[in-house]
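*Asks:*
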Amino acid sequence: MSKINDWHLRKYRRLTKKIIALEPDYRELSDAELQHKMVAFRERLEKGASLDSLLVEAYATVREADDRVLGMRPYPNQVLGATVLNDRNVAELATGEGKTLVVTMPLYLNGLEGVGTYLVTANDYLASRDAKDMGRVYRWLGLTIGTVASGDNSISVAAKKAAYRCDIVYTTHSAIGFDYLIDNLASNNNDKNIVAFRYALIDEVDSVLLDLAQTPLVISGAPKVQSNLFTSADKVVKNLVESEDYIIDDDQKSVWFTEKGIASMSRYFGVKHLMDREGADLYRHLVLALRANTLLTKNRDYVVDDGKVVLLDIQDGREMNGMNLQAGMHQALEAKEGVKLSPQDRAMASITYQNLFHLFTKLAGMTGTAKTDRREFAEVYNLLVIEIPSHQPNIRIDKPDQLFVDTREKLYASIDVIKKAYAAKRPVLIETGSVSLSELYSRMLLENGIVHNLLNARSAAKEAQIVKEAGQPGAITVATSMAGRGTDIKLGPGVRAKGGLLVIGTERMANRRIDNQLRGRSGRQGDPGETMFYASLEDRGILENGSKKLKRQQEKLQEQTATGKRKFGQPITKRRIKHAVTAAQKTSSSGAYDGRMGSIQYDAVQRRQRNAMYRFRDQTMALSSEQLMVLAQQVITHDIDDLMEVPDLSLQQLSDYINNNIDYSFYKPDELAALVDDKKALRSFLLTTVQKRLDRQLNLLSKQQRDYFLRLTILHALDNAWIEQVDNLQQLRAIVSSRSSAQHDPVAEYQLEAVRSFDKMKAAFWRSAVQNMMLSKLIAQPNGSVNLEFP
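The sequence shown begins at 724 in our numbering and counts up by one.
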């Protein structure tokens, strides 16, 4: 560990010593005395004490409770990790160091303040498992604990609310993200689930805040009218020529049309200016078709199953049934594959994990692999990465990579090693970067008579069980890189003497951090272990990010093999080629970093708009009767003033405005004709007319019903306007990000257009709110209630 890391640890080591020093005193406390600590701590908080001032005593309390309830007393290094997690830090704790036990201390301390403390984990299984296991400690100490799982559709509205109101909540990143978006579609504060965003402790924080950073959470609503341009655009794009009509970036992640391509498509469709507003929708469909045909690969990014396009998870390669690409990308893929187009749902609300976790007052995380990305954690999340020393020294052996010319050579070489380990009853974990490669290994193992587990189970619980058994004598397990993460592999009897678990990586992953995650499966808590990576010049990461020179080297080596000058299966030893492979991985990692940084710039625009909308929404729900009436009048004034800005307002336009927004039966052409050229008199007339109409509506209601009517008509208009804006921003981003060829700055253009779109959205909101207040039907019910029917 570095000197800088040791310097950061000084403060936390001092705290750890104080906590451990209290052990003899706390051992002497009765159960009742230990449990009463919670009451005493809360009384001190009410009197103005800070959480930091309680830390030493609170952690000592939990440490003793862990021992009494679970039979596990946290080691000094676990206490050290727990102290780090009370501040804005990422604690790098090696696999097997007991992160599940570590979190009991910071969660208890922060849970003393009541609602708003979360343990955010990778999947529903881990959230439920850890809440069940560790919940015994929290309840014994007097705190309440809830579990909110993203896949649990059986939970009632009341049960979910109750879970979120517990002192500590175990949940997943997707569950809390979607519930936040749903909360901001609620019509009153009582319908909201999430009460506060005080403290989030994220398990596998690198996976959530880095790997999923560009994956937006999207709530989709009613389908849009299906476009007939997807198929036409696909046919045209399929006939374009690479390098002439479009260019694919070297990293295979970006593509754009050339001037020649734009000109030829403009001629084909008979559009004068394809990139102007006139051709914007057509251009968007062409961009989607181009991406579908050039950047997304069948059986790598998606599969076609029973006439449907099914996405594959970028991290573990599993099918993501029910998940669709947004902004028309999914329909473009369907057109490419010639299957029936699915309805294109409208995005109602959206947020990225970056923006979601910026909502928390205090954020912390833990993982076994963070130091390689400490710069990004600091820049984006203001989180300091601190390495925590292991309880036992790491004696795992990480062997040098074995590099081969092609996939065939790599497969045979790695299978030979697996056969030897299998014969010696040594467990082997084979980690692949895709489902297709894991299935290929599985077939080859079967051909060699090797019994094994293939880990591409549908449920995380089954994954965890298979991974748990991967350390037993003779166990051979084939798994995708992220499968079963969060579950320790314990060695079975006699395995230590055989060298421990052998982990074989079958390719260099997208970055060094994921390589380190795979290595971390072996050698937990001082166990022996061994890791080795088998890579080839045909691996996806090398093909996408390697230099042209590296490609020529591969062709040369293949030619030497074919002519007998080089032995088949001979590992590549040339240092220059190995350096080029390492450079390809760095390029991949750098490209992903740049992509996340670029995403932040785009997301900043939507974040500002979303925050403004949600803030206004919350304020509207909290308004008193008088304030609601003032807001209604402000909305009406804004809308009428907008109408007054229409140049050369005609009698027909004025009549249409009144009939469509104020009164369906209004017919006074002579009166309107006398006013249409006098804006001041017209404005006064409209304000009076609208106020009279509103008074008539409100007079049908009780005081409580009036408040509900005004609040609901305004919120309904606001939500519809925002839904349209979210969808517009999605489409806008898809268009501007493809204009590199036209010397545009996509981010600057997006920011400018997004502001214009937001101004239009505000005008649409005012108009819709007026329409709702004026034209909504109020239907009296026999029980005295009133039903509201929007126009």
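Backbone N, C-alpha and C define an ideal beta-carbon position, used for all residues, glycine too.
#1: What do you reckon, is the C-beta of A1144 under 8 Å from a heavy atom of the ligand NAP?
#2: Rounded to a whole number of angstroms, what is the C-alpha to C-alpha distance between V1218 and S1137?
#3: Assuming T1254 contacts K1122 under a Cβ cut-off of 8 Å, what Cβ separation, rounded to an integer in Å, is found between them?
#4: How about G993 and G1243: do their beta carbons lie closer than 9 Å?
#5: Which residues in the same chain as R736 place their Cβ atom closer than 6 Å to its Cβ, once the five residues preceding and following it in sequence are excluded?
#6: Starting from the C-beta of R1479, find all residues in its chain whose C-beta is less than 6 Å away, skip the five residues before and the five after it, and write them out in chain order.
#7: Span of the alpha helix (DSSP H) holding Y782?
#8: Spatial neighbours of F901 within its chain, please: C-beta separation below 8 Å, excluding the five flanking residues on both sides.
#9: Where K1303 and L1019 are concerned, what is the direct C-alpha to C-alpha distance, given to the nearest angstrom?
#10: Look at the alpha carbon of D968 and the alpha carbon of H1008, and state the distance between them as a whole number of angstroms.
#11: Bridge partners of E965, per DSSP?
#12: Among K1272, I1265, D856, K1142, whose alpha-carbon lies nearest the alpha-carbon of N1171?
#13: Just to confirm the assignment, what range does the beta strand (DSSP E) spanning S1248 have?
#14: With a 10 Å radius around its C-beta and 16 neighbouring C-beta atoms as the bar for buried, classify V1201 as buried or exposed.
#15: Which same chain residues, not among the five before or five after I1502, have their C-beta less than 7 Å away from its C-beta?
#16: Should the stretch 1213-1231 be regarded as contacting the stretch 1075-1090, the criterion being three or more beta carbon pairs within less than 8 Å?
#17: Does the beta-carbon distance from G839 to A919 come in below 9 Å?
#18: Measure from the alpha carbon of K1059 to the alpha carbon of each residue in G794, T1155, A805, L952, then state which is nearest.
#19: Please go through the same chain and pick out, in chain order, the residues whose beta-carbon is closer than 8 Å to the beta-carbon of A1477, but skip the five residues on each side of it.
#20: So which of R791, H896, Y903, T895 has the shortest CA-CA distance to R862?
#21: Provide the residue span of the beta strand (DSSP E) that contains R1088, from first to last.
#22: Taking D748 as part of the alpha helix (DSSP H), name the residues at either end of that continuous run.
#23: Rounded to whole angstroms, what is the Cα-Cα separation between G1264 and E1162?
#24: With the cut-off set at 9 Å, would you say R1023 and V978 are in Cβ contact?
#25: Here's the rule I'm using: 16 or more other beta-carbon atoms within 10 Å means buried, otherwise exposed. How should Q1308 be labelled?
#26: State the Cα-Cα distance for the pair T938 and G1197, rounded to the nearest angstrom.
#27: Here's the rule I'm using: 16 or more other beta-carbon atoms within 10 Å means buried, otherwise exposed. How should L1177 be labelled?
#28: Once DSSP output is grouped into helix, strand and coil, what is the label at Q1125?
#29: Helix, strand or coil for E836, going by three-state DSSP, please let me know.
#30: Return the residue from the list V860, N912, K1021, T895 that minimises the CA-CA distance to T870.
#31: Can we say the stretch 1069-1081 touches the stretch 921-940, given the rule of at least three CB pairs closer than 8 Å?
#32: Confirm, please, whether the CB-CB distance from F1432 to L1499 is below 9 Å.
*Replies:* Here's the rundown:
#1: Ligands in the displayed structure: none, and consequently the ligand NAP is not present.
#2: 20 Å
#3: 7 Å
#4: no
#5: none
#6: none
#7: 774-788
#8: S873, L940, I942
#9: The amino acid at residue 1303 is misidentified as Lys; the sequence shows Ala. Approximately 25 Å between the Cα atoms of the pair.
#10: 16 Å
#11: Y969
#12: K1142
#13: The amino acid at residue 1248 is misidentified as Ser; the sequence shows Gln. Unbroken run through Q1248: none, as it is neither H nor E.
#14: buried
#15: V1509, N1510, E1512
#16: no
#17: yes
#18: L952
#19: V1328, Q1329, Q1332, L1452, L1455
#20: R791
#21: Before going on, a small fix: residue 1088 reads as Gly here, not Arg. It spans 1085-1090 - the beta strand (DSSP E) in which G1088 sits, taken as one unbroken run.
#22: 746-750
#23: 19 Å
#24: no
#25: buried
#26: 39 Å
#27: buried
#28: strand
#29: coil
#30: T895
#31: yes
#32: Note that residue 1499 is Ser in the sequence shown here, rather than Leu. Going by C-beta atoms, S1499 is nearer than 9 Å to F1432.
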